[in-house]
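Peer 1: Position in the sequence shown (first residue = 1) + 45 = our numbering. No residue lacks a Cβ here, since even glycine has one placed at the ideal position from N, Cα and C. Take this structure first; my questions come after.
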Amino acid sequence: MSEAPLAEVTTRVDTHCPYCALQCGMALTPVTPVGRQVGGGAGAVNDVDARITHVAPRDFPVNRGRLCQKGWTAAELLDSPERLTTPLVRHGGSLRPTDWDTALDLIADRITRIRADHGNDAVALFGGGGLTNEKAYALGKFARVALRTRNIDYNGRFCMSSAAAAGIRAFGIDRGLPFPLADVASADAVLLAGGNLAETMPPIMQYLRRDALMVADPRRTPTVAQASLHLPVTPGTDLALALGLLHITIIEGYADADYIAARTTGFAEVKAAATAWWPERVERITGVPVAQQYEVVERLATANRAMILTARGAEQHSKGTDTVTAFINLALALGLPGRAGSGYGTVTGQGNGQGGREHGQKADQLPGYRKLDDPAARSHVAAVWGVSPESLPPPGPSAYELLDQLGTDAGPKALLLFASNPVVSAPRSSQIASRLRDLDLLVVSDFVMSETAALADVVLPTAQWAEEDGTMTNLEGRVIRRRAAVAPPAGARDELWILHQLAARLGCGAKFPVEPSAVFDELGRASAGGPADYAGMSYQRIEAEDGLFWPCPASDHPGTPRLFTERFATPDGRARFTAVEFRPVAEDLDPDFPVYLTTGRVLAHYQSGAQTRRIRPLNDAVPASFVELHPDLAARLDVDAGDLVRVTSRRGSVTAPVRLSAEIRPDTVFMPFHWEGVNRLTNPALDPTSRMPEFKVCAVNVSPVLPAQRRARREDIHAEVS
Ligand code: SF4
C-alpha cells in the first residue's frame, strides 16, 4: 500500500472478489493522496494516484457479508512492487523493457510471417477461467475472426470440463448450480463428493448445515470436520461409490418411480448396470463401509429436500465425466433435479469458471454455449461478427493436447497466452514447459511475472480486477458486475485493448471494440437463442438487480434462477439416465510406486498461486509446498514432520517437507498445487469425453531425503535428553 498521506475518500465502489467462483460481493474504498486529485468528477478511476485502502464484504446474496482471507487481502496485489508495468521483449537470454507500439508491432509481424509460412493454425491462443465474460468472448472471436485458427482452448478445461460434459449429457445444459445457493441451505441432506469448500471458498459453509452435510473425500479435511458423516473414499473410486449408492437406492425401494416415469428416459439400462454394485463389493473398492453407504442413501431418500454436489476431487479424473454421470443418475433416481430445494450441482472453482466456458474460448465452442460444429450456430454467430460461416475454423484440440503439440513439426509455432500459468497448472508440467520453449513465438499477457511469463518472448502487462469493468458469471449462473475502482499503473493495459490493437495490425481492428459494455452488448447478440442466452442483459440491469441468472433472453425477462422446474433442456424435455461402467484409476499402485498422490488447494492460496504467493499475509500463512502424509506412512518411511521427502512419479520428481496428519489415508499423500513442481508428477491421461486430465490421482514413490543427517540429528537430540 502507498505510504503517501491520504485524504479525500472518493466514491465507494461495489464489486466482487477477484478469485473463486463464489464471487463474493465486496466494497472498495479508493483514497487519493492530499492535493493529488486529478479526476474530472468521475471518481478515483480517473485518478492515477488513487489507491484502495479499505476492502469490506458487502451484503451480496451469495457471501452475505463474509469474505475469506484471500478476499480481505486481495487489494494488496494492486500495489505490489512485482506488478508488470511495461511490455518486455526477449533479447538473447533476457527480457528487456520496451514500449507498447514496439511490442505489438513485433507480435503482429511475427504472427503474419508464421501464418504465411505455416498456415493459420500455426498460431494458437490459450485463455483462462478468471477472465471476464467480455474477454473470454473477445478471445474466442479473435481466434476465429482475426487469426482464423482452430487452436484455442483455456485452463478451465482442467477445472470444470467433466462436470460440464456430464451435465449436458443428462440435462442438455451445463450450469454449475441450476439453482440459487440459498436453496442449499434449505436441504436436509447434502452429499458432497470431492470438495473441500471450507478451504477453497469458506463463506459457502454458511449454507451447509452439519446435520445435513455428508462428504466423500480421501482426507478428513476442514470441510469434513463440519460434516456429520465422512466417507473416506479411496482416490479414484468415486464412480464405484456412486454406482453402489444407486444399487442401494433401487434395492431398498427408494427410487422415485413417478418422477422417473414422468421426467426421465433410460432408467432401465442404468438399473440393470447397478445390480452388479452390491455394498460389500463397493466397500472393497472404495473403502467406504457398508453401513455408511446405507446411511447416505437413507438420509438422501428420506429428507424433505436433498442435494448431491460434486467438485474437483470427483471430477478431475480420466473417468470424471462418467463419475459425475453416476452421481446425476443417483440424483435422478431419487427424483431430486428440478424439485424445489433439491437437485444436483457442481461447485465451480475458478472465478469465471462458469462464464469462461460459455462464450467461445473453448476449442469446440461459440458464444452462448453453442457448438462450433453446429451449422445453425455458425451462421448465427458469423452474422453477428460480419463474416461468412465458411470462414470460421472447425473445432480444435483440447487444452492439454494443444499444449502438448506446441512447437512440434505439426503443431502451432506461436502461442498467445492470457491469464494462465500452465507451467505450474498443467499436468506433466515439465513436458509443457519444454513445449513452450520450442515455440518460435510465445506471448504472455499477465500482471506479474508468472513462471510461464518468464519463458515468453514478449510479456504484456495487464490491468487487474479492481482496475477494470466487465461481468463475471458465478457458480450459480448469476451474471454480476466487476467494476473499476482505481486506474491501472501507467503502462498496464486491458486485454480488450490489446486484442483491438493486434486486430488493427492484422487488418480487422474495427471488429474488436475496447469498451467492455460494447463487447457485452455484442456478446448478448451472439448468445441470443443459445443455451446460455444473455440477450436480455445489460450493465444497467445487472447493477440494478445485483446480478441476473441466465438464460435471460429478453430485456423484460426476469432471468432464470431455477432451471428444470418444468422441463430439462433436452429435445424431449426429459433428463437422460446414462449407464456408465466403473474403471480403475489410469495409473494404479505397484511395488515401484506404492502410494497415491492427490492434490488440492489450501485456505491461503488460489490456483497456480501467481497472485496469492505475492500477498504477504497469505504467503506468511503458507510460504511453501509440503507433502501431507499419515503418521503410519511416516513411520514406514522413517521420516518426521519437517523432514524433506522426494515424491516421484513416472513423469518426474519433486522434493518438499513432510506435514504429518492423521486425517489422511495411510496409502495416500496430499500436495497443494499452488507451487511449481507437483504437476510434474500428475498424470495427463485424459477423460475420453471432457479431455480432463487425471489430476487427482497418480501413483508415486515417497522416499526420505538425506536420511543420514536426519537420523544423526535425532540421535543428537536423544543424547541431549538422556
Ligand atoms: S476467494 Fe472466493 S470465498 Fe474467498 S472472498 Fe474471494 S470469492 Fe469469496
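Can you name the residues that DSSP bridges to glycine 388?
Peer 2: By 1-based counting over the sequence shown, the position of residue 388 is 343. Glycine 388 is bridged to Met352.
Peer 1: Are phenylalanine 557 and alanine 571 touching if we call contact CB-CB under 7 Å?
Peer 2: Start at 1 with the first residue of the sequence shown, and residue 557 comes out as number 512. Start at 1 with the first residue of the sequence shown, and residue 571 comes out as number 526. Contact flag unset, no.
Peer 1: With contact counted as at least three CB pairs below 8 Å, one residue from each stretch, are the segment 480-495 and the segment 456-471 in contact?
Peer 2: Yes, the segment 480-495 is in contact with the segment 456-471.
Peer 1: What did DSSP end up calling glycine 697 once you bin it into helix, strand or coil?
Peer 2: Translated into the one-based positions of the sequence shown, residue 697 becomes position 652. The answer is strand: DSSP assigns glycine 697 an E or B state.
Peer 1: Please report the Cβ distance between proline 324 and isoleucine 293, rounded to the nearest whole angstrom; I am assuming they are in contact, meaning their Cβ atoms lie under 8 Å.
Peer 2: Locating residue 324 in the sequence shown gives position 279, where the first residue counts as 1. Locating residue 293 in the sequence shown gives position 248, where the first residue counts as 1. Going by Cβ atoms, the distance from proline 324 to isoleucine 293 rounds to 6 Å, so yes, they are a contact pair.
Peer 1: Have a look at arginine 81 and arginine 96 and give me their C-alpha separation to the nearest angstrom.
Peer 2: As a first step, residue 81 is located in the sequence shown; it is residue number 36 there, counting from the start. As a first step, residue 96 is located in the sequence shown; it is residue number 51 there, counting from the start. Unreliable placement is indicated for arginine 81, whose pLDDT of 49 sits below 50; the coordinate value is still reported in the next sentence. Whole-angstrom Cα-Cα distance: 12 Å.
Peer 1: So, does the segment 255-272 touch the segment 225-236, judging by three or more C-beta pairs under 8 Å?
Peer 2: The answer is yes - the segment 225-236 touches the segment 255-272, with three or more Cβ pairs under 8 Å.
Peer 1: I need the straight-line Cα distance from alanine 307 to methionine 517, nearest angstrom please.
Peer 2: In the sequence shown, the residue the question calls residue 307 occupies position 262. In the sequence shown, the residue the question calls residue 517 occupies position 472. Alanine 307 and methionine 517: Cα-Cα distance of roughly 36 Å.
Peer 1: By a C-beta neighbour count over all protein chains shown, 10 Å radius and 16 as the cutoff for buried, is leucine 192 buried or exposed?
Peer 2: Here the question's residue 192 lines up with position 147 in the sequence shown. That one is buried.
Peer 1: Per DSSP, what kind of secondary structure is glycine 645 in: helix, strand or coil?
Peer 2: Here residue 645 is taken as the residue at index 600 of the sequence shown, counted from 1. Three-state DSSP puts glycine 645 in a strand.
Peer 1: Looking at the secondary structure, which residues open and close the alpha helix (DSSP H) in which serine 273 lies?
Peer 2: Looking up residue 273 in the sequence shown gives position 228. Here serine 273 belongs to no alpha helix (DSSP H), and DSSP marks it neither H nor E.
Peer 1: Where do the N-terminal and C-terminal ends of the alpha helix (DSSP H) with valine 21 fall, by residue?
Peer 2: Outside the shown range of the chain (46 to 767) lies residue 21, about which nothing can therefore be said.
Peer 1: Out of curiosity, what's the CA-to-CA distance linking leucine 544 and glutamate 179?
Peer 2: Walking along the sequence shown from the start, residue 544 turns up at place 499. Walking along the sequence shown from the start, residue 179 turns up at place 134. Their Cα atoms are separated by approximately 12 Å.
Peer 1: Identify whether glutamate 403 lies in helix, strand or coil by the three-state DSSP scheme.
Peer 2: Counting from 1 along the sequence shown, the entry for residue 403 is found at position 358. Of the three classes helix, strand and coil, the one that applies to glutamate 403 here is coil, per DSSP.
Peer 1: When you measure from the CB of methionine 246 to every non-hydrogen atom of the ligand SF4, does any distance come out below 6 Å?
Peer 2: Here residue 246 refers to the residue found at position 201 when the sequence shown is read from its first residue. Methionine 246 Cβ: within cutoff of the ligand SF4.
Peer 1: Per the DSSP calculation, methionine 517 is bridged to which residue(s)?
Peer 2: Position 472 of the sequence shown, counted from the start, is the residue given in the question as residue 517. DSSP output for methionine 517 lists Ile525 as bridge partner(s).
Peer 1: Any heavy atom of the ligand SF4 closer than 6 Å to the CB of glycine 394?
Peer 2: Counting from 1 along the sequence shown, the entry for residue 394 is found at position 349. Answer for glycine 394: no, Cβ out of range of the ligand SF4.
Peer 1: Are the C-beta atoms of valine 278 and some chain D residue less than 7 Å apart?
Peer 2: In the structure shown, chain D does not exist; there is a single protein chain.
Peer 1: Would you say the beta carbon of glycine 70 is closer than 6 Å to some non-hydrogen atom of the ligand SF4?
Peer 2: Here residue 70 corresponds to residue number 25 of the sequence shown, with the count starting at 1. No - the ligand SF4 has no heavy atom lying nearer than 6 Å to the Cβ of glycine 70.
Peer 1: For the beta strand (DSSP E) holding asparagine 466, just list the boundary residues, first then last.
Peer 2: The residue given as residue 466 occupies position 421 in the sequence shown. Looking at the DSSP string, asparagine 466 is not in any beta strand (DSSP E), and its letter there is neither H nor E.
Peer 1: Runs of 4 residues minimum, wholly inside the segment 575-618: which ones carry the alpha helix (DSSP H) assignment?
Peer 2: DSSP runs (the alpha helix (DSSP H)) wholly in the segment 575-618: 584-589.
Peer 1: With H, G and I counted as helix, E and B as strand and the rest as coil, what does DSSP make of glycine 164?
Peer 2: The residue you call residue 164 lines up with position 119 of the sequence shown. Note: glycine 164 maps to coil in three-state DSSP.
Peer 1: How far does the alpha helix (DSSP H) with asparagine 178 in it reach, from first residue to last?
Peer 2: Here the question's residue 178 lines up with position 133 in the sequence shown. Run containing asparagine 178: 178-186, per the alpha helix (DSSP H) assignment.
Peer 1: Mapping the DSSP letters down to three states, classify proline 676 as helix, strand or coil.
Peer 2: If you number the sequence shown from 1, residue 676 lands on position 631. Proline 676 falls in the helix class under three-state DSSP.
Peer 1: Are the segment 197-216 and the segment 440-452 in contact at 8 Å, needing three or more beta carbon pairs?
Peer 2: Contact between the segment 197-216 and the segment 440-452 is present, because at least three Cβ pairs lie under 8 Å.
Peer 1: What do you reckon, is the C-beta of cysteine 113 under 6 Å from a heavy atom of the ligand SF4?
Peer 2: To locate residue 113, count along the sequence shown from 1; it is residue 68. Yes, since a heavy atom of the ligand SF4 falls inside the 6 Å radius drawn around the Cβ of cysteine 113.
Peer 1: Measure the Cβ-Cβ separation of phenylalanine 613 and glycine 604 and say whether it is below 7 Å.
Peer 2: Taking the sequence shown and counting its residues from 1, one reaches residue 613 at position 568. Taking the sequence shown and counting its residues from 1, one reaches residue 604 at position 559. Not closer than 7 Å, so no.
Peer 1: Quick one: grab the DSSP three-state call for histidine 99.
Peer 2: Numbered from its first residue, the sequence shown carries residue 99 at position 54. Here histidine 99 sits in strand by DSSP.
Peer 1: Just to confirm the assignment, what range does the beta strand (DSSP E) spanning serine 139 have?
Peer 2: Here residue 139 corresponds to residue number 94 of the sequence shown, with the count starting at 1. Here the beta strand (DSSP E) through serine 139 covers 139-142.
Peer 1: For tyrosine 64, verify whether its CB is less than 6 Å away from any heavy atom of the ligand SAM.
Peer 2: In the structure on display, the ligand SAM does not appear, and the ligands it does have are the ligand SF4.
Peer 1: Check for me: the beta strand (DSSP E) holding histidine 61 runs from which residue to which?
Peer 2: Translated into positions along the sequence shown, residue 61 becomes position 16. Histidine 61 -> beta strand (DSSP E) spans 58-61.
Peer 1: Give me the residue from Ala210, Leu242, Tyr182 with the minimum Cα distance to leucine 67.
Peer 2: Looking up residue 67 in the sequence shown gives position 22. That would be Leu242, whose Cα lies nearest to the Cα of leucine 67.
Peer 1: Would DSSP call serine 490 helix, strand or coil?
Peer 2: Residue 490 sits at position 445 when you count from the first residue of the sequence shown. Strand at serine 490.
Peer 1: On a Cα-Cα basis, can you pick out the residue from Arg111, Ile213, Cys743 that is closest to lysine 416?
Peer 2: Against the sequence shown, residue 416 aligns to sequence position 371. The shortest C-alpha separation from lysine 416 is found at Ile213.
Peer 1: With DSSP collapsed to three states, give me the class of lysine 416.
Peer 2: Counted from its first residue, the sequence shown places residue 416 at position 371. Reduced to three states, the DSSP call for lysine 416 is strand.
Peer 1: Do the segment 713-733 and the segment 659-675 meet, that is, are 3 or more Cβ pairs less than 8 Å apart?
Peer 2: A contact exists between the segment 713-733 and the segment 659-675.
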